[in-house]
Structures are given as C-alpha cells and as structure tokens.
Amino acid sequence: MLTETHARTFAQMTLPNLTRRWPYKLDQVIQGPDDVVAPAELHPIFHGSFDWHSCVHGYWQVLRLLRLFPDMPEAADIRVLADAMLVPAKVAGEVARFERPDGPGASRPYGWAWLLALHAEAERHDGPWGDALAPLAGRLADLMDGYLNRMTYPITVGTHFNSAFAMVLALDWAQGRDARLEATIAARARQWFAGRTDYRGWEPGGDEFLSPALTAALLMSRLLDPPAFAAWFANFLPRADSCEPGALFVPVHVSDRTDGKIAHLDGLNLSRAWCWRGIGAALGDPGRFAPVIDQHVAASLPHIGEDYMGSHWLGSFALLALEHEPCDR
Numbered sequence: 001m002l003t004e005t006h007a008r009t010f011a012q013m014t015l016p017n018l019t020r021r022w023p024y025k026l027d028q029v030i031q032g033p034d035d036v037v038a039p040a041e042l043h044p045i046f047h048g049s050f051d052w053h054s055c056v057h058g059y060w061q062v063l064r065l066l067r068l069f070p071d072m073p074e075a076a077d078i079r080v081l082a083d084a085m086l087v088p089a090k091v092a093g094e095v096a097r098f099e100r101p102d103g104p105g106a107s108r109p110y111g112w113a114w115l116l117a118l119h120a121e122a123e124r125h126d127g128p129w130g131d132a133l134a135p136l137a138g139r140l141a142d143l144m145d146g147y148l149n150r151m152t153y154p155i156t157v158g159t160h161f162n163s164a165f166a167m168v169l170a171l172d173w174a175q176g177r178d179a180r181l182e183a184t185i186a187a188r189a190r191q192w193f194a195g196r197t198d199y200r201g202w203e204p205g206g207d208e209f210l211s212p213a214l215t216a217a218l219l220m221s222r223l224l225d226p227p228a229f230a231a232w233f234a235n236f237l238p239r240a241d242s243c244e245p246g247a248l249f250v251p252v253h254v255s256d257r258t259d260g261k262i263a264h265l266d267g268l269n270l271s272r273a274w275c276w277r278g279i280g281a282a283l284g285d286p287g288r289f290a291p292v293i294d295q296h297v298a299a300s301l302p303h304i305g306e307d308y309m310g311s312h313w314l315g316s317f318a319l320l321a322l323e324h325e326p327c328d329r
C-alpha cells in the first residue's frame, strides 16, 4: 500500500529531476541548423528528467502525490513548481513542438498518453493547472485518434511503442472528455485483442518495462463488463491459476541498473504489479494475484533510486504499483 513515507521518497527523488536539464535525450528530427537548440528552448516545461516523456509523467507523479498527501512537507515545493511551469505561455511552447514537421511523430504514443494522464490529474486540483494544459492535451488527443485510426496492427512490444499501455492511459482521459477518442480506442482494442487466446508469447525482452500480454489484458478489463472480461481472460490466459506461463508470474532480474535499457526491467516488475492488481479487481477478486504483486514490488521498489538511469522515471511506475486507483479515478 502507498504510504506517506513512499510519497515523500518519490517526491524527493523526482522533484529535482524535473528541472535537471542535463543529461537530456531529444526526440527530434533536425530540419536545419536553426533546430540545434538547447532542450529548454524546444520544451519550455518538459526539459528535465532525461527525456520529454519521463518529465511528463514525473509531473503527473508529483501532482498525484500532492493530491493524495497534501500535508506532506514536499507539497509546498510541488505547488511552487507547478505554478511556475504549468502556465499558458509555456504550454503554448510545448504545443508548438508538435506543430513542427516532425512533431506528429514525437513521443508517440507513450508520451502522448502520459500527457493526457497529467492533464487529467491536473484537473483534479484547484487552480489553473488543468486549464493551462488543456490545449496540449487536446492536440495530443487529436494526434492519438488519427494515429490509432491509421494503424492496421497493434504494436505489442514492451517498450514506449506499446499500443495497449498508451490506450489504457488515453482511455482513462477520454472517458467523459472526448467521445471520439474513447470510441476509437474501444473499437481498436476489440479489433486487435478481443480474439486473442491462449497467450504464449516470449516475455520478457531484455529492455522491456511493460508486459505486452498484461497491458492488453488491463485494456480489455477497462472495456468489457465483468462477466465478459472474465470469459475473455479465461481464454487469453487459461492457465493463470497455475501461474502459467511462468514468465508472467516471476519477477525479472535486473543485472545492471546503470545501463539505461537494462534498468527498464525494474519498470517491468512495477508495471506488472499494477497490471495484475487491475486485472484481479476486474475479475472481482482483488487479492487473487496478491503474492505475485508483492513479489514484483519487492524485487524492484528498493532499487528505484540507485542510479539516475532509473531514478529519473521509476518513481511514476512505483506509484502505479503501490496505489489502487486507475490513472484518472
């Protein structure tokens, strides 16, 4: 369970990273010499935490912690940062990034989905943060809708390109806000995943932080009513009660947390815990996978701050693993 001790640890780790400008990995196609600028010129808000998408979900993380633990000592620093950064002028600069020739492909779809989650969280706070972020959320929702409608097949890897994970976050945002995007996600999810049965894929990959199988199952749990989801899940993972396939139930080993790609595996342990909790709840048995969840959290939670290759982003995944709410609930 998420405690204030966890919240303070995550906030203390993440807050400095949100404004730490270097190192930074740009997702940019250079069109000419004028494009060679510092990340903060290209991204007025999200120029910390090593890359754009990690900075986005870092802001989501600290705003969520602020709401859940408004009296923790770090709350004041979170408010000061949000008041300074989540303002219309800076958001306009972020929107402009997606109007560039290479913009519609930048951070797709992972960063887009996390921005929608950030906007949804910002709207749950008193004040102007949600309104300020609305133009960027609207732009990325439009890009997401167009992207999903153009896609013939889902992307079922365990990295940033994973379709199901982005669709889960985007669906949480779209419900009650964007009926068009909600309908697109529902249609694509059913087309791509409703007929999947007897999963026997090769997981995990060596640099994955998401499970293709479990993110798809979590997505279907959000779209199907409980009896329909139970029937779908029984066909998709028919040996789940026997913890088969075993690779989905055993925490992964992280051999080198200073290697940015290998460090992804800590995220896999944490995101699996989040998925298993959501799947169990959708099946009407929140404790069904409790031992598996506990094992995955225990394997990675103590290590998320050991190296910047993990600490710049893993706090968000630890928060997903420990709390019991969907991103926009």
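Counting from 1, one number per residue, gives the positions in the sequence shown under UniProt numbering.
C-beta atoms are modelled at their ideal positions from N, C-alpha and C, and glycine is treated no differently.
Please read all numbers here as calculations on a predicted model, not as lab measurements.
Contact set for residue i: own chain, Cβ-Cβ below 6 Å, skip 5 residues either direction
i, result
"residue 163", "154, 155"
"residue 317", "267, 270, 271"
"residue 297", "273, 321"
"residue 230", "283"
"residue 61", "14, 315, 316, 319"
"residue 304", "310, 314, 318"
"residue 87", "132"
"residue 340", "The structure shown does not extend to residue 340, since the chain is modelled only from 1 through 329, so no value can be given for it."
"residue 323", "2"
"residue 286", "280"
"residue 85", "45"
Per-residue burial, residue i [other beta carbons within 10 Å of its own, 16 or more giving buried]
i, result
"residue 202", "exposed"
"residue 109", "buried"
"residue 228", "exposed"
"residue 160", "buried"
"residue 327", "Because residue 327 sits at a pLDDT of 48, beneath the cut-off of 50, its placement in the model cannot be relied upon, and the point is left open."
"residue 211", "buried"
"residue 251", "buried"
"residue 30", "exposed"
"residue 329", "Residue placement at residue 329 is flagged as unreliable, the pLDDT there being 44, under the threshold of 50; a coordinate-derived value is accordingly withheld."
"residue 11", "buried"
"residue 184", "buried"
"residue 240", "buried"
"residue 300", "buried"
"residue 1", "exposed"
"residue 150", "exposed"
"residue 158", "buried"
"residue 76", "exposed"
"residue 99", "exposed"
"residue 216", "buried"
"residue 335", "In the structure displayed, the chain extends from 1 to 329; residue 335 sits before or after that span and is not available."
"residue 32", "exposed"
Strand pairing of residue i, partner residues [DSSP]
i, result
"residue 249", "Residue 249 is not bridged to any residue."
"residue 50", "24"
Spatial neighbours of residue i in its chain, beta-carbon cut-off 7 Å, leaving aside the 5 residues before and after
i, result
"residue 103", "97"
"residue 39", "21, 24, 26, 47"
"residue 64", "121, 319"
"residue 189", "167, 219, 220, 223"
"residue 145", "180, 181, 184"
"residue 36", "30"
"residue 186", "223"
"residue 123", "130"
Residue j beta carbon less than 9 Å from that of residue i
i, j, result
"residue 116", "residue 141", "yes"
"residue 118", "residue 204", "no"
"residue 28", "residue 42", "yes"
"residue 169", "residue 232", "no"
"residue 207", "residue 261", "yes"
"residue 221", "residue 174", "no"
"residue 93", "residue 44", "yes"
"residue 130", "residue 83", "no"
"residue 276", "residue 214", "yes"
"residue 136", "residue 91", "yes"
"residue 53", "residue 107", "yes"
"residue 125", "residue 68", "no"
"residue 254", "residue 263", "yes"
"residue 177", "residue 245", "no"
"residue 80", "residue 139", "no"
Residue i Cβ short of 8 Å to the ligand SAM heavy atom set
i, result
"residue 24", "This structure does not include the ligand SAM; it has no bound ligands of any sort."
Residue-chain proximity (residue i, chain C), Cβ-Cβ < 9 Å
i, result
"residue 254", "Here chain C cannot be found, since the structure has a single protein chain."
Residues near residue i in its chain [Cβ-Cβ closer than 8 Å; skip 5 each side]
i, result
"residue 134", "119"
"residue 73", "8"
Taking contact to mean 3 or more Cβ pairs, one atom from each stretch, closer than 8 Å, check whether the stretch 5–12 and the stretch 37–54 are in contact. no
Kindly confirm or deny that the stretch 186–198 and the stretch 229–237 touch, where touching means at least three C-beta pairs closer than 8 Å. yes
The stretch 288–295 / the stretch 217–227 touching (three or more Cβ pairs under 8 Å): no
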